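In the UniProt record's numbering, the protein residues as written are 1 to 88.
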């Protein structure tokens, strides 16, 4: 289930207040490969154990928020820092 476009227009990062957009497929694939290798952690340092179906990335391209069943998980502790995951 894809995220609603109207919702996407009003969402922003809860930390930086930057707008977010949908993570491109090739970057989503790279992120999911790193998750499978065990090299990705959430902001709270817990490991990301399940691949993302969809993701939202901040305008500065530093944080990714997962979207589960069309619902964005916009919690600071559940952000994925791309720099820490060696994906930036």
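Ideal Cβ placement from N, Cα and C applies to all residues, glycine included. These numbers come from a predicted model, not from an experiment.
Three-state secondary structure (DSSP) of residue 24: Here residue 24 is taken as the residue at index 24 of the chain shown, counted from 1. Reduced to three states, the DSSP call for residue 24 is coil.
Residue environment, residue 64, which counts as buried when at least 16 other CB atoms sit within 10 Å: Sequence index remark: in the chain shown, residue 64 carries index 64 (1-based). Per the 10 Å Cβ criterion, buried.
Specify the secondary structure class of residue 60 as computed by DSSP and reduced to three states. The residue you call residue 60 lines up with position 60 of the chain shown. In the structure shown, the three-state DSSP call for residue 60 is coil.
Please report the distance separating the alpha-carbon of residue 38 from that of residue 10. As a first step, residue 38 must be located in the chain shown, where it is residue number 38. As a first step, residue 10 must be located in the chain shown, where it is residue number 10. Roughly 32 angstroms separates the two Cα atoms.
Give the secondary structure of residue 83 by DSSP, where H, G and I count as helix, E and B as strand, and everything else as coil. Here residue 83 refers to the residue found at position 83 of the chain shown. Residue state, collapsed to three classes: coil.
What span of residues does the alpha helix (DSSP H) with residue 5 cover, start to end? Translated into the one-based positions of the chain shown, residue 5 becomes position 5. Looking at the DSSP string, the run of the alpha helix (DSSP H) that includes residue 5 is 5-10.
Taking just the CA atoms, how far does residue 45 sit from residue 52? Translated into positions along the chain shown, residue 52 becomes position 52. Translated into positions along the chain shown, residue 45 becomes position 45. Roughly 17 angstroms separates the two Cα atoms.
Quick check: residue 66 and residue 73, are their CB atoms within less than 7 angstroms of each other? For this step, residue 66 is matched to residue 66 along the chain shown. For this step, residue 73 is matched to residue 73 along the chain shown. Yes, these two residues count as a Cβ contact at 7 angstroms.
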